[in-house]
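Take a look at the structure below.
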Amino acid sequence: MTVPKNALKKWEKVREFALGMPGAVEEFPWGESVAKVNKKVFVFLGVDDGSCPLGVTLKLKDDEAHAHALTCPGAEPAGYGLGKAGWVRVPLAEKGAPAAELLCDWVEESYRVIASKRLIAELDAQ
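In this note's numbering, the protein residues as written are 707 to 832.
Following this line, the structure appears as structure tokens:
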């Protein structure tokens with residue numbers, strides 16, 4: 707499966723943004739890229755090799771952001787029971803998929819849910 711260029715550009719921008727957050731690190735559990743802070747995942751990035759459709763999975767506690775994310779084409783509550791805790795999977799290659807800027811806003815929201823108060827203060831000071 708080839709990866710659509712526009713989806714790959716969004717994915718790369720979201721990944722770079724996520725890894726630029728204070729204390730963020732990239733790890734590869736299950737062979738997929740994730741961004742973590744305080745040893746906890748705040749965004750699942752999946753793989754960019756074309757073996758699976760590109761998408762991101764984020765924890766959105768804000769009701770409005772959560773509802774908005776679920777209206778995106780192909781978006782759904784995350785699997786493995788994570789959807790019940792506010793995690794949403796958003797595909798990037800679907801027609802009408804959110805722009806990278808909105809995805810980055812959601813990454814920041816997910817980060818704020820997971821990160822410590824000290825790291826959130828550091829982010830706010832940037």
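Positions of the beta carbon are idealized from the N, C-alpha and C atoms, including for glycine. Small disclaimer: the values here were computed from a predicted structure and weren't measured.
Cross-strand partners of residue i (DSSP beta bridge)
| i | result |
| --- | --- |
| tryptophan 793 | Lys765 |
| proline 783 | Val794 |
Closest by C-alpha distance to residue i, when choosing among the options
| i | options | result |
| --- | --- | --- |
| leucine 808 | Val720, Gly761, Leu714, Pro710 | Val720 |
| tryptophan 736 | Val753, Ala730, Leu764 | Val753 |
| glutamate 733 | Gly802, Ala771, Leu751 | Leu751 |
| serine 822 | Lys765, Val762, Gly729, Trp812 | Gly729 |
| serine 816 | His772, Gly780, Pro797 | His772 |
| valine 814 | Thr708, Ala713, Asn712, Leu725 | One point to set straight first is that residue 814 is glutamate, not valine, in the sequence displayed. Minimum Cα distance to glutamate 814 is reached at Leu725. |
| cysteine 778 | Ile820, Trp812, Gly756, Ser739 | Trp812 |
| tryptophan 793 | His774, Gly802, Val709 | His774 |
| lysine 801 | Leu760, Ser739, Gly756, Val749 | Leu760 |
| isoleucine 820 | Arg795, Gln832, Ala791, Ala799 | Ala791 |
| asparagine 712 | Val740, Glu738, Pro804 | Pro804 |
Rounded C-alpha distance that separates residue i from residue j
| i | j | result |
| --- | --- | --- |
| alanine 806 | tryptophan 717 | 8 Å |
| cysteine 758 | leucine 764 | 17 Å |
| glutamate 770 | leucine 776 | 10 Å |
| methionine 727 | leucine 829 | 7 Å |
| proline 710 | phenylalanine 723 | 20 Å |
| valine 749 | leucine 766 | 10 Å |
| leucine 788 | leucine 798 | 19 Å |
Extent of the continuous alpha helix (DSSP H) to which residue i belongs
| i | result |
| --- | --- |
| serine 822 | No alpha helix (DSSP H) contains serine 822, which DSSP labels as neither H nor E. |
| alanine 724 | 711-725 |
Bounding residues of the beta strand (DSSP E) (the contiguous stretch that carries residue i)
| i | result |
| --- | --- |
| leucine 751 | 746-752 |
| glutamate 733 | 731-733 |
| lysine 742 | 739-743 |
Notebook entry, point to check: For the 8 Å Cβ check, are there 3 or more pairs between the segment 776-785 and the segment 729-746?
Noted result: no
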